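K.L.:
Here you go, one structure.
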Amino acid sequence: MTGDAASDGALLRTALYDCHHAAAARMVDFGGWDMPIQYKTGIRAEHLAVRAGVGVFDLSHMGRLYVRGADAMALVQWLTTNDASRLAPGRAQYSLICGSDGQILDDIIAYNLGAEMLLVVNASNRLKVLAWIEQNQQNGPLAGLDAKIYDATAETAMIGFQGPESERLLQDLVDVDLSTLRYYAALSGTADGKPGLIARTGYTGEDGFEVIVAAADGPSTWNTLLEGRGGVTPMACGLGARDTLRLEAGMPLYGHEIDESCNPFEAGLGRVVKLAKGELSGKAALERVAEAGPERKLIAFELTAGGVPRQGYAILDADAAVGQVTSGNVSPSLGTPIGMAYVPLRLSEPGTAIAVEIRGKAVPAKVVTLPFYPHKTKKIAAPSTSRS
Amino acid sequence: MDPTDRRYTEEHEWVKMDGDVAVVGITSFAQDQLGDVVYVELPKVGDRVEAMKSFGVIESVKTASDLYAPVSGVVEAVNGSLTGSPETVNDAPYEGGWLIKVKPDNPADIDTLMTAQQYGEQVAGS
Numbered sequence: 001m002t003g004d005a006a007s008d009g010a011l012l013r014t015a016l017y018d019c020h021h022a023a024a025a026r027m028v029d030f031g032g033w034d035m036p037i038q039y040k041t042g043i044r045a046e047h048l049a050v051r052a053g054v055g056v057f058d059l060s061h062m063g064r065l066y067v068r069g070a071d072a073m074a075l076v077q078w079l080t081t082n083d084a085s086r087l088a089p090g091r092a093q094y095s096l097i098c099g100s101d102g103q104i105l106d107d108i109i110a111y112n113l114g115a116e117m118l119l120v121v122n123a124s125n126r127l128k129v130l131a132w133i134e135q136n137q138q139n140g141p142l143a144g145l146d147a148k149i150y151d152a153t154a155e156t157a158m159i160g161f162q163g164p165e166s167e168r169l170l171q172d173l174v175d176v177d178l179s180t181l182r183y184y185a186a187l188s189g190t191a192d193g194k195p196g197l198i199a200r201t202g203y204t205g206e207d208g209f210e211v212i213v214a215a216a217d218g219p220s221t222w223n224t225l226l227e228g229r230g231g232v233t234p235m236a237c238g239l240g241a242r243d244t245l246r247l248e249a250g251m252p253l254y255g256h257e258i259d260e261s262c263n264p265f266e267a268g269l270g271r272v273v274k275l276a277k278g279e280l281s282g283k284a285a286l287e288r289v290a291e292a293g294p295e296r297k298l299i300a301f302e303l304t305a306g307g308v309p310r311q312g313y314a315i316l317d318a319d320a321a322v323g324q325v326t327s328g329n330v331s332p333s334l335g336t337p338i339g340m341a342y343v344p345l346r347l348s349e350p351g352t353a354i355a356v357e358i359r360g361k362a363v364p365a366k367v368v369t370l371p372f373y374p375h376k377t378k379k380i381a382a383p384s385t386s387r388s
Numbered sequence: 001m002d003p004t005d006r007r008y009t010e011e012h013e014w015v016k017m018d019g020d021v022a023v024v025g026i027t028s029f030a031q032d033q034l035g036d037v038v039y040v041e042l043p044k045v046g047d048r049v050e051a052m053k054s055f056g057v058i059e060s061v062k063t064a065s066d067l068y069a070p071v072s073g074v075v076e077a078v079n080g081s082l083t084g085s086p087e088t089v090n091d092a093p094y095e096g097g098w099l100i101k102v103k104p105d106n107p108a109d110i111d112t113l114m115t116a117q118q119y120g121e122q123v124a125g126s
């Protein structure tokens, strides 16, 4: 990373930029970062490599915000909607950050690292989240807390490994026992001999890991991993495959399924809003929408005729536009056109017939249950000596 | 090098005369830029297409793009195999991945389009 966005309008670069350039990746502007959308093999091959073997992703554009100080947990507990107090050391949880109107500022993963907390935020929302925290530290509920935010995005690299063979590949390169590392858990250790954080998390529906190392160690870790180990040769994957994988897995993406115009309940994320835990950012507004109930709902659908649904296309009911596609594509794993969309509650039951307007034509579709592709994350029992 | 037995448009379609019909497809450069093709929307046999106007849409994982007719005429055949195997456009853009065959109003119009060398220079400069 070359500094903060870029008063001169230049795109930010991750520590792995030169690796992508050397691999002739196609680069795009993603949230102000110059990121690979695909490598030579193409999105479909990258997608299928994750479903069958291992794909390796540069996730260094995502914000890594450490919360340090005696009140770090209290800050995270107020900032995020999930109940961070249930987060044992070494565990991670999916959560939301909502503004005072209950709008979704970001969706994040919060880690309890024992001595500190870590928030992994979306690249395009990092500065917004930092500003929201600072505002509430200056004259708000966070004033007076012993908690400081340390933005480590620039000085670290984050690499994702996703796919059924990811444990076999990574075990050869890390000094921690991955067979006991549970889903949504993290351990400090070494990767390719370099100190880092190793977490069993991901966004693809597959078993997988995310590793955070110093930025200076990023390129060698990336290159070593891509060489393969133990008979497993991974494929470098770009943001294109990441998008089709997460769509099949039914994971919402900020800027598509969620943004500041929607609330967590209509997005199907009410399960990570714990209003009983005490004060939290946006609580009064969230209580109001929880009480009123959602008027629309995020659904999954499949086209029953040909075409490709894309973000922004209208959902039709009796020829009237009643909703909008948030994401869509032809599923590389299933071969069928799939998507997610907001529709009125009355159309949200699985099996309901709807239509998607594609270039002026109503293409029939039906509401289905998520995920499109069954999750294959690894189930590892909690050790009997510690609570989950 | 693109095949020299056909002509090219600025919108990256190729056209090749096969007897009295013009076979139309997209270039290798176009399929590479699009990435993995997942859907192709084509006209029906008997439809008219107009030169430099859209006759269909090609969709890749990333994006949707209009297809432009190199010549005016009537659609004689449509490559039905692309319905089940749209990726043929990526694998064989100049052969099995052809899109439509058109009976041109005026076959001589094809000679006004770019040669392979001219098209290659356009792509190199883009």
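Residue numbers (the numbering used here), protein chains in the order written: chain H, 1 to 388; chain G, 1 to 126. Backbone N, C-alpha and C define an ideal beta-carbon position, used for all residues, glycine too. Remember, predicted model here, so these are calculated numbers, not experimental data.
#1: Which whole-angstrom value is the C-beta distance of G:I100 and G:R7, which I expect to be below 8 Å?
#2: Give me whichever residues DSSP pairs with H:E134 in a beta bridge.
#3: At a CB distance below 8 Å, what residues from the segment 35-67 of chain G approach chain H? Give them in sequence order.
#4: From what residue to what residue does the alpha helix (DSSP H) around H:P364 run?
#5: Between H:G323, H:I299 and H:S85, which lies nearest to H:P350 when the distance is taken from Cα to Cα?
#6: Given a threshold of 16 other Cβ atoms within 10 Å of its Cβ, counted over all protein chains shown, does H:P36 qualify as buried or as exposed?
#7: Would you give the residue range spanned by the alpha helix (DSSP H) that G:Y119 belongs to?
#8: Use the C-beta contact count for H:S95: other C-beta atoms within 10 angstroms, 16 or more gives buried, fewer gives exposed.
#9: Can you give me the Cβ contacts of G:E11 inside the same chain, cut-off strictly under 7 Å, excluding the 5 residues immediately before and after it?
#10: Given this structure, state the Cα-to-Cα distance separating G:N106 from G:S72, to the nearest angstrom.
#11: Tell me whether H:P252 sits in a helix, a strand or coil according to DSSP, three-state version.
#12: Within 10 angstroms of the Cβ of H:R64, are there 16 or more other Cβ atoms? Answer buried if so, exposed if not.
#13: Would you check if the segment 38-52 of chain H and the segment 213-229 of chain H touch, i.e. whether three or more CB-CB distances between them fall below 8 Å?
#14: Cβ atoms of H:I97 and H:I258: under 9 Å apart, would you say?
#15: Three Cβ pairs or more, each shorter than 8 Å: is that satisfied between the segment 199-210 of chain H and the segment 159-170 of chain H?
#16: 9 Å is my cut-off, CB to CB: does H:T2 come that close to chain G?
#17: Check distances from the C-beta atoms of the segment 313-330 of chain H to those of chain G and list, in chain order, the residues that come in under 8 Å.
#18: If we count the other Cβ atoms within 10 Å of its Cβ and call it buried at 16 or more, is H:P252 buried or exposed?
#19: Pull up the DSSP beta-bridge partners for G:K101, would you.
#20: List the endpoints of the continuous alpha helix (DSSP H) containing H:M73.
#21: Just checking: is the beta-carbon of H:R387 within a distance shorter than 9 Å of some beta-carbon in chain G?
#22: Would H:A191 and H:L170 qualify as a contact pair, given that the criterion is a beta-carbon distance under 9 Å?
#23: Check the C-beta distance from G:E76 over to G:V45 and give it rounded, since I have them as a contact under 8 Å.
#24: Distance, Cα to Cα, H:R271 vs H:D83?
#25: Using a C-beta to C-beta distance shorter than 9 Å, which residues of chain A count as neighbours of H:G9?
#26: The beta strand (DSSP E) that contains H:T326, what's its start and end?
#27: Where does G:Q33 sit, in a helix, a strand or coil, going by DSSP?
#28: Using CA atoms only, rank isn't needed, just tell me which of H:C19, H:R346, H:V67 and H:Y150 is closest to H:M117.
#29: Do H:K194 and H:S220 have their C-beta atoms closer together than 9 Å?
#30: Should H:A438 be labelled buried (16 or more other beta-carbon atoms within 10 Å of its own) or exposed?
#31: Which of helix, strand or coil does DSSP assign to H:R242?
#32: Are the CB atoms of H:P164 and H:V56 nearer to each other than 9 Å?
#33: Look at H:G42 and H:L11 and say whether their C-beta atoms are less than 9 Å apart.
#34: Taking 8 Å as the limit between beta carbons, can you name the residues of its chain near H:D106, skipping five residues before and five after?
#35: Would you list, in sequence order, the uninterrupted beta strand (DSSP E) runs of no fewer than 3 residues that lie entirely inside the segment 162-192 of chain H?
#36: What residues from chain G crowd round H:T244, counting only those whose CB sits closer than 9 Å?
P.N.:
Result, derived from the coordinates:
#1: So it is not a contact: roughly 16 Å between Cβ atoms.
#2: When DSSP reads this structure, H:E134 sits in no beta bridge, so it has no partner.
#3: From the segment 35-67 of chain G, only G35, D36, V38, Y39, E41, V57, E59, V61, K62 and A64 have a Cβ closer than 8 Å to chain H.
#4: No alpha helix (DSSP H) contains H:P364, which is instead part of the beta strand (DSSP E) from K361 to V368.
#5: Taking each of H:G323, H:I299 and H:S85 in turn and checking the Cα distance to H:P350, the smallest one comes out for H:I299.
#6: Buried is the call here.
#7: Taken as a continuous stretch (DSSP letters only), the alpha helix (DSSP H) holding G:Y119 covers A116 to G125.
#8: When all chains shown are included, H:S95 counts as buried.
#9: Closer than 7 Å at Cβ, skipping near neighbours: Y68.
#10: For G:N106 and G:S72, the gap between their C-alpha atoms comes out near 8 Å.
#11: The answer is coil: DSSP assigns H:P252 none of H, G, I, E or B.
#12: Within a 10 Å sphere around the beta-carbon of H:R64 sit 16 or more other beta-carbons, which makes this residue buried.
#13: Per the Cβ contact rule, the segment 213-229 of chain H is not in contact with the segment 38-52 of chain H (fewer than 3 Cβ pairs under 8 Å).
#14: Between H:I258 and H:I97, the C-beta gap is not smaller than 9 Å, which leaves the two residues out of contact.
#15: Segments in contact, yes.
#16: Note that H:T2 scores 44 on pLDDT, short of 50, meaning its location in the model is unreliable; the coordinates nonetheless yield the value given after this. Residue contact with chain G for H:T2: absent (no Cβ-Cβ distance below 9 Å to any residue of chain G).
#17: Along the segment 313-330 of chain H, going in chain order, the ones with a CB nearer than 8 Å to a CB of chain G are N329 and V330.
#18: By the 10 Å Cβ count, H:P252 comes out buried.
#19: Partner residues in the beta bridge of G:K101, as assigned by DSSP, are G:V23 and G:A77.
#20: Segment A72 to L79, the alpha helix (DSSP H) holding H:M73.
#21: Because the pLDDT of H:R387 is 43, which lies under 50, any placement of that residue in the model is unreliable, and the question is left without a value.
#22: Against a cut-off of 9 Å, the Cβ pair of H:L170 and H:A191 comes out as a contact.
#23: Confirmed, Cβ separation roughly 7 Å.
#24: When rounded, the distance between both Cα atoms is 10 Å.
#25: Absence of chain A from the displayed structure is noted, the protein chains being H and G.
#26: Run containing H:T326: A320 to V330, per the beta strand (DSSP E) assignment.
#27: It is helical.
#28: With distances taken between Cα atoms, H:M117 lies closest to H:V67.
#29: Yes, the pair counts as a contact, with Cβ atoms nearer than the cut-off.
#30: Absent from the model: residue 438 of chain H. The displayed extent of chain H is 1 to 388, so no value can be given.
#31: Helix, per DSSP.
#32: A distance of 9 Å or more separates the beta carbons of H:P164 and H:V56.
#33: Against a cut-off of 9 Å, the Cβ pair of H:L11 and H:G42 comes out as no contact.
#34: These residues qualify, in order along the chain: L96, I97, V121, N122, N125, K128, V129 and Y254.
#35: Scanning the segment 162-192 of chain H for uninterrupted beta strand (DSSP E) segments of 3 residues or longer gives 186-191, listed from N- to C-terminal end.
#36: V61, listed in chain order.
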